[in-house]
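Visitor: Letter by letter, the sequence shown follows residues 1 to 254 of the UniProt record's numbering.
Glycine included, C-beta positions come from ideal geometry on N, C-alpha and C.
Quantities reported herein were computed from a predicted structural model and do not represent experimental measurements.
Attaching a single structure in structure tokens format; questions to follow.
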Amino acid sequence: MNAVVTPPRGLLSTDALPLYGQIAEKLHAALRIDGCSVGDKLPSERTLAESFGVSRVTLRAALGVLESTGLIGPSHSRGWFVMQALAPSEEERSNTVRGFADYARIRNLRTHARVLDARARPATIVEAETLSVAPGTELFELRRLRYLDGNVVVLEHNRVPLALCPALTVTDFTEASLYATLRAATPPQIPGRASYSVEARNATDDERELLEISSLVPLLVATQVTLGQNGQPIEFTVQAYRGDRYLFQASITD
């Protein structure tokens, strides 16, 4: 599995810590927050250097710092690999933009999906306004039932501007992660922050059938607009969770 490393913001050449030290710190934090496992492969040196906006010489100095701690190690001609697992804190877990598969991986739960619809189509006016694109812009639409340990949990409806990641149309989303696919795009589409709202409502007949619930079980419906590192929307999703299998939890700080 490839390790996910979110490009940082705020590298300062005037900082008391040299650039390679700042990069080492941010890489260390990214590996911890993403809950990477031993054996996960880091992105290529070229990709990391471009993401951090530094030379490969500086990037290698940062990797050397992490190697000296035993966190990562090189493999001849194959790149860098995680040698030591780091667990994210509860605050980091709750405050990081993640997809369904990311949360399942952190909690050691098996996940798979039943794809109901996966296609390219023009954006509606509402979708265009939400994603800050022109009406009619080609979107990738994905509707899936998501499962945890064999139990259906959520009906998910994602929309992504197709130009951000053309590979979406040829990806098998029965197993693949949408966010992992976006992160692997050229250039990478990395979730930075998101607006997220949740409401409770009754399920429609179609939702009850798909989610295998009775009319007595309510839905918790989450609407999320995810922004990339540049502040532009990269995804619009609506998730209808079974109320008996979903707990919404958040941390609140000043």
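1. Determine the closest residue to R114 out of A176, P74, A167 and V133, with distance taken between C-alpha atoms.
2. Return yes when the Cβ of A200 is within less than 7 Å of the Cβ of P188, no when it is not.
3. Which word fits L71, buried or exposed, when buried means at least 16 other C-beta atoms lie within 10 angstroms of its C-beta?
4. Just reading off the beta strand (DSSP E) that G64 is part of, what are its end residues?
5. Looking only at DSSP bridge pairs, what is F81 linked to?
6. Could you say which of L116, I234 and D172 lies nearest to D206 if we only look at CA atoms?
7. Per DSSP, P161 is paired with what?
8. Flag this pair as yes or no: are the beta carbons of Y20 and T58 separated by less than 7 Å?
9. Taking the runs of the alpha helix (DSSP H) that are 4 residues or longer, which of them lie wholly in the stretch 140 to 205?
10. When you compare only the Cα positions, how much space is there between S132 and R110?
11. For R121, tell me which candidate among L168, V82 and S68 has the shortest Cα-Cα distance.
12. Under a three-way DSSP split, which group does G228 fall into?
13. How is the alpha helix (DSSP H) around I125 delimited, first residue to last?
14. Throw me the rounded Cβ distance for the G79 and L42 pair, which I believe falls under 8 Å.
15. In the DSSP assignment, find the beta strand (DSSP E) that holds Y241 and state where it starts and stops.
16. Buried or exposed for Q239, please, with buried defined as at least 16 other CB atoms from any protein chain shown within 10 angstroms of its CB.
17. Less than 7 Å between C-beta atoms, sequence neighbours within five positions excluded: which residues of the same chain meet that for P8?
18. How many whole angstroms separate the CB atoms of Q224 and T237, which I take to be in contact at a CB cut-off of 8 Å?
19. Candidates L210, L211 and A62: which alpha carbon is nearest H28's?
20. Please look up how many angstroms separate the CB atoms of R193 and L164, rounded, as I've assumed it's under 8 Å.
21. Grab the span of the beta strand (DSSP E) containing V115 for me, first residue to last.
Guide: Result, derived from the coordinates:
1. A176
2. no
3. buried
4. Per DSSP, G64 belongs to no beta strand (DSSP E); it is in the alpha helix (DSSP H), R56 to S68.
5. K41 and G73
6. L116
7. L139
8. yes
9. 178 to 183
10. 34 Å
11. L168
12. strand
13. I125 to L131
14. 6 Å
15. P233 to R242
16. buried
17. Low confidence applies to P8: its pLDDT is 49, below 50, so where it sits in the model is not reliable enough to give any reading.
18. 5 Å
19. A62
20. So it is not a contact: roughly 17 Å between Cβ atoms.
21. T111 to P122
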